[in-house]
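4 protein chains.
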Amino acid sequence: MNERSRESTRQRILSASQKVFAEHGYTGANMRLIAQGAAVSVGCVYLYFKCKDELYLTLLESWMNELDARTTDALENIVEPAEALAAFITTGIVYAREHKEMVLLQGRDLGFARGLEMKQQFLRKRRSLIEDIVRKGVATGIFCDCDPGEAAKLIFCSMRGFIVTMMMGEEALYSPEAGVELLLNGLLRRDTP
Amino acid sequence: MNERSRESTRQRILSASQKVFAEHGYTGANMRLIAQGAAVSVGCVYLYFKCKDELYLTLLESWMNELDARTTDALENIVEPAEALAAFITTGIVYAREHKEMVLLQGRDLGFARGLEMKQQFLRKRRSLIEDIVRKGVATGIFCDCDPGEAAKLIFCSMRGFIVTMMMGEEALYSPEAGVELLLNGLLRRDTP
Amino acid sequence: MNERSRESTRQRILSASQKVFAEHGYTGANMRLIAQGAAVSVGCVYLYFKCKDELYLTLLESWMNELDARTTDALENIVEPAEALAAFITTGIVYAREHKEMVLLQGRDLGFARGLEMKQQFLRKRRSLIEDIVRKGVATGIFCDCDPGEAAKLIFCSMRGFIVTMMMGEEALYSPEAGVELLLNGLLRRDTP
Amino acid sequence: MNERSRESTRQRILSASQKVFAEHGYTGANMRLIAQGAAVSVGCVYLYFKCKDELYLTLLESWMNELDARTTDALENIVEPAEALAAFITTGIVYAREHKEMVLLQGRDLGFARGLEMKQQFLRKRRSLIEDIVRKGVATGIFCDCDPGEAAKLIFCSMRGFIVTMMMGEEALYSPEAGVELLLNGLLRRDTP
DNA sequence: GATGAATGAGTCTTCATTCAT
DNA sequence: CATGAATGAAGACTCATTCAT
Numbered sequence: 173m174n175e176r177s178r179e180s181t182r183q184r185i186l187s188a189s190q191k192v193f194a195e196h197g198y199t200g201a202n203m204r205l206i207a208q209g210a211a212v213s214v215g216c217v218y219l220y221f222k223c224k225d226e227l228y229l230t231l232l233e234s235w236m237n238e239l240d241a242r243t244t245d246a247l248e249n250i251v252e253p254a255e256a257l258a259a260f261i262t263t264g265i266v267y268a269r270e271h272k273e274m275v276l277l278q279g280r281d282l283g284f285a286r287g288l289e290m291k292q293q294f295l296r297k298r299r300s301l302i303e304d305i306v307r308k309g310v311a312t313g314i315f316c317d318c319d320p321g322e323a324a325k326l327i328f329c330s331m332r333g334f335i336v337t338m339m340m341g342e343e344a345l346y347s348p349e350a351g352v353e354l355l356l357n358g359l360l361r362r363d364t365p
Numbered sequence: 173m174n175e176r177s178r179e180s181t182r183q184r185i186l187s188a189s190q191k192v193f194a195e196h197g198y199t200g201a202n203m204r205l206i207a208q209g210a211a212v213s214v215g216c217v218y219l220y221f222k223c224k225d226e227l228y229l230t231l232l233e234s235w236m237n238e239l240d241a242r243t244t245d246a247l248e249n250i251v252e253p254a255e256a257l258a259a260f261i262t263t264g265i266v267y268a269r270e271h272k273e274m275v276l277l278q279g280r281d282l283g284f285a286r287g288l289e290m291k292q293q294f295l296r297k298r299r300s301l302i303e304d305i306v307r308k309g310v311a312t313g314i315f316c317d318c319d320p321g322e323a324a325k326l327i328f329c330s331m332r333g334f335i336v337t338m339m340m341g342e343e344a345l346y347s348p349e350a351g352v353e354l355l356l357n358g359l360l361r362r363d364t365p
Numbered sequence: 173m174n175e176r177s178r179e180s181t182r183q184r185i186l187s188a189s190q191k192v193f194a195e196h197g198y199t200g201a202n203m204r205l206i207a208q209g210a211a212v213s214v215g216c217v218y219l220y221f222k223c224k225d226e227l228y229l230t231l232l233e234s235w236m237n238e239l240d241a242r243t244t245d246a247l248e249n250i251v252e253p254a255e256a257l258a259a260f261i262t263t264g265i266v267y268a269r270e271h272k273e274m275v276l277l278q279g280r281d282l283g284f285a286r287g288l289e290m291k292q293q294f295l296r297k298r299r300s301l302i303e304d305i306v307r308k309g310v311a312t313g314i315f316c317d318c319d320p321g322e323a324a325k326l327i328f329c330s331m332r333g334f335i336v337t338m339m340m341g342e343e344a345l346y347s348p349e350a351g352v353e354l355l356l357n358g359l360l361r362r363d364t365p
Numbered sequence: 173m174n175e176r177s178r179e180s181t182r183q184r185i186l187s188a189s190q191k192v193f194a195e196h197g198y199t200g201a202n203m204r205l206i207a208q209g210a211a212v213s214v215g216c217v218y219l220y221f222k223c224k225d226e227l228y229l230t231l232l233e234s235w236m237n238e239l240d241a242r243t244t245d246a247l248e249n250i251v252e253p254a255e256a257l258a259a260f261i262t263t264g265i266v267y268a269r270e271h272k273e274m275v276l277l278q279g280r281d282l283g284f285a286r287g288l289e290m291k292q293q294f295l296r297k298r299r300s301l302i303e304d305i306v307r308k309g310v311a312t313g314i315f316c317d318c319d320p321g322e323a324a325k326l327i328f329c330s331m332r333g334f335i336v337t338m339m340m341g342e343e344a345l346y347s348p349e350a351g352v353e354l355l356l357n358g359l360l361r362r363d364t365p
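Protein chains in written order, with the numbering used here: chain A, 173 to 365; chain B, 173 to 365; chain C, 173 to 365; chain D, 173 to 365.
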């Protein structure tokens, strides 16, 4: 219980919080539950995080960082815009599937400012990433001559709705592939002469 | 002190709740705030709604009913599937714009069963409405040969994401028209011979 | 709703209170329930009784008066002490059977002084009535040479316990006659030569 | 602020509750009063007892257990029925004298089921204990040929009334010995030829 | 570093009482 | 005389946070 136990305890707390926040939301989660999940005392949690907010914010930050890293990874060697879009979407959905806690990103019960800002900045960044891809596609003539900003918003909202729906425990979800396909080709029949 | 009519007080409470729930979420909202917003005493709220749940559920139900009615109206005289889709989406988004409170439909912190059920049933119904439209479009050959279920999910999630994004106070949102256009035609350039 | 309605409304309120107090106890009873039972508005109750206490006290007083009257009646023409005792006990038990509300006489949740005093005085009076009977029986040599005070207490407590038990809804109760018989003759076998 | 040991705090809370319940009854007692009596915060009470009911039930149970144990002890080496009866009654009355809180056993304001059941079962058990004693006395010919059930009820109610009277703070009570004597011999003079 | 007992402000809810009509 | 909408003080219970050990 000494050596590098400090870091391991911190991690245990963090991962317990994740579960509890995911299951109960920010307001609904309580410190006793988190402490129990981490097998430490309540007071101990406060040795590592000075309040509930900080715990929450730390999680938020680490999710954002990881999703960011994965996305960068996924896009690294792709040049084709359609392919890049597919990679972006798939990465996001797969990540969300693994991290139900990410709901919180969508969650409404953040009364505090810092979390909101962080989050909004993150989302803005992701949207502009999509926008870049679309712009490139339009430039190369692969995508139709749409407004890249609007297209990015549509794609972004679509992903977000997907994640929210998934998080709410509602069964019906499209497969990433089918989704990408539809976004690329649209609903209307291509005129095959 | 009590010249106000029963119905008017009820309405004032309802509309105050709407604001408070929208701003703080279910768990975060508190009866004192709601009462203050309605300019009545806390006890008075309980004269009209027997508990917080009932207040919430009443709001939820009325939103769902109104959105339902509006959607039915909008689709009444439309036969063309693409047009119907556009009408469905536009109605939903316009409604959400007017009723920020609808976030709650997306909300995470409903611990109680009845609200969740009601909500899920409502969402299911709406999704199946989209599915019907898509199916018809595929049948008539206007839409491409996609899986109507999957397409409905995409469209549905897309709308939902849109609403969530809007609710979170984030600025960037696509215009319904541009969105519909993209969903219909897809991102990829149509091959112009 | 005019003529002599005043008195009739008062009576309706009183009799509704009786039921409600009997069923819920003093603290547990609430004015809305009483008003409903009397088919008047809550405010109307306050037109007749200035507060919950007064309502309660009024009932208490009327029970005591009635029991008092009945007891006096029952004892009027009896000279024989054993017979008088039997009459006293039987009257009390019969009355209690008809007036479940009388529990309240036994009830614990009277936080206010006036009721308590009234009640204690009433009980003291009844006990001294028994004592007189016993004293006379001892004087005439019909009763054994016991301390009349102690005997009165025993008899009094016995009746009281009977009533409490009855009120608590517990099934098993002795019949007044068997009880009187036992009190008179004792448990021990009489030596029959 | 927290040097007090867990068990000692629990005991302090329990004994404060005893006083408060005894003085105000179940409904009338409130957690603030109990906490104050135990010199802890309200929240602290809930660290030890998860609700008001549990606090009450804990007390109820411990009284019943102790009175049970004492009664068993007292009767252990007695074979003579008259003596056994005297021991039973005396034990009960002495116990009640030491534990004014026992009123609660008589209390009317238990809205919750478990407490009532527990209590009624306890009382039934005690009554049947008396019945056994009486039956034995009748069988051996020491007691007169009465119905043991009825006699048990009388004795039981008598004790109960005694306790209630005592609890209500009313001064006058028979001494256990005089009471037993009367129950055994009856009021009527034994015919000494 | 870790514990867990303790706090106190805050939450939902109830209810005796008042008062304009 | 009667209504019933409204009040506000209180009650049971929860929980983030602190602190002696």
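Even glycine gets a Cβ: it sits at the ideal position worked out from N, Cα and C. Only a predicted model underlies this, so the values are computations on that prediction, with no experimental measurement involved.
Identify the contact partners of F334 (chain B) in chain A, using a Cβ-Cβ distance below 9 Å as the criterion.
K325, L326, C329, S330, R332 and G333
So what does L360 (chain B) bridge to, in DSSP terms?
A:F315
Of all Cβ atoms in chain B, is any one closer than 7 Å to the Cβ of E322 (chain A)?
yes
Kindly say whether G287 (chain A), judged by its beta-carbon, lies nearer than 7 Å to any beta-carbon of chain B.
no
L244 (chain A): buried (16+ other C-beta within 10 angstroms of its C-beta) or exposed?
The question names Leu, but residue 244 (chain A) in the sequence shown is Thr. Flag for T244 (chain A) reads exposed.
Residues that A241 (chain C) contacts on chain D, provided the C-beta gap is smaller than 8 Å:
Under the 8 Å cutoff, chain D gives no residues; its nearest Cβ is about 23 Å from A241 (chain C).
Might you give, ordered along the chain, the residues of its own chain that have their beta carbon closer than 8 Å to the beta carbon of A246 (chain C), omitting 5 neighbours on each side?
A259, F260, T262 and T263
Does L219 (chain D) pass the burial test, meaning 16 or more other C-beta atoms within 10 Å, or should it be called exposed?
exposed
Sufficient close CB pairs (3 or more, under 8 Å) joining the stretch 288-307 of chain D to the stretch 294-313 of chain C
no
Inter-stretch contact (C-beta, 8 Å, three-pair minimum) for the stretch 312-331 of chain D and the stretch 323-338 of chain C:
yes
Is it right to say T199 (chain A) is buried, meaning 16 or more other beta carbons lie within 10 angstroms of its own, or is it exposed?
buried
Is it right to say S213 (chain C) is buried, meaning 16 or more other beta carbons lie within 10 angstroms of its own, or is it exposed?
exposed
Which two residues bound the contiguous alpha helix (DSSP H) that contains N237 (chain C)?
K224 to L247
Chain D contact for L229 (chain C) (CB, 7 Å cutoff):
no
If contacts are defined as beta-carbon pairs under 8 Å, then D317 (chain C) and V310 (chain C) qualify, I think. What distance do you get, rounded to the angstrom?
6 Å
Ranges of the alpha helix (DSSP H) found wholly within the stretch 250-274 of chain A, counting only runs of at least 4
253-270
Nearest-angstrom Cβ-Cβ length linking A324 (chain B) and L359 (chain A), presumed shorter than 8 Å:
At roughly 11 Å, the Cβ-Cβ gap does not stay under 8 Å, so A324 (chain B) and L359 (chain A) are not in contact.
Output needed for T312 (chain A): all residues of its chain with C-beta closer than 8 Å, excluding positions within five of it in sequence on either side, in chain order.
P253
Helix, strand or coil: which one does DSSP assign to M338 (chain D)?
helix
Identity of the residue in D:R242, D:T230 and D:C216 nearest Q190 (chain D) by Cα:
D:T230
Interface positions of the stretch 235-259 of chain B facing chain A (Cβ-Cβ less than 8 Å), listed along the chain:
A254 and L257
In whole angstroms, give me the CA-to-CA distance for L257 (chain D) and T337 (chain C).
20 Å
List, in chain order, every chain D residue whose beta-carbon is nearer than 8 Å to that of D319 (chain C).
A350
Extent of the continuous alpha helix (DSSP H) run through A188 (chain A)
S177 to G200
I believe A188 (chain A) touches G215 (chain A) by the beta-carbon criterion, under 8 Å. Please report the beta-carbon distance rounded to the nearest angstrom.
In fact, because the Cβ distance is near 15 Å, the residues do not count as touching under 8 Å.
What residues of chain D sit near G313 (chain C), judged by a beta carbon separation below 8 Å?
R361
Using 10 angstroms around the beta-carbon of E248 (chain D), count the other beta-carbons present and answer buried if the total reaches 16, otherwise exposed.
exposed
Just to confirm the assignment, what range does the alpha helix (DSSP H) spanning A210 (chain B) have?
M203 to A210
Which chain A residues sit within Cβ distance under 8 Å of G347 (chain B)?
The sequence shown places Ser at residue 347 (chain B), rather than the Gly named in the question. Result: E322.
Nearest neighbour of P320 (chain D), chosen from C:P348, C:L354 and C:Q293 [CA to CA]
C:L354
Using a Cβ-Cβ distance under 7 Å, would L354 (chain C) count as near chain D?
yes
Between the Cα of T181 (chain B) and those of B:V352, B:Q293, B:F221 and B:N202, spot the shortest distance and give me the residue it belongs to.
B:F221
Grouping DSSP H, G and I as helix and E and B as strand, with all else coil, what is S330 (chain D)?
helix
Verify whether the separation of the beta carbon atoms of M236 (chain A) and F294 (chain A) is less than 7 Å.
yes
Do R232 (chain A) and G287 (chain A) have their CB atoms nearer than 7 Å?
A quick correction: the sequence has Leu, not Arg, at residue 232 (chain A). Closer than 7 Å, so yes.
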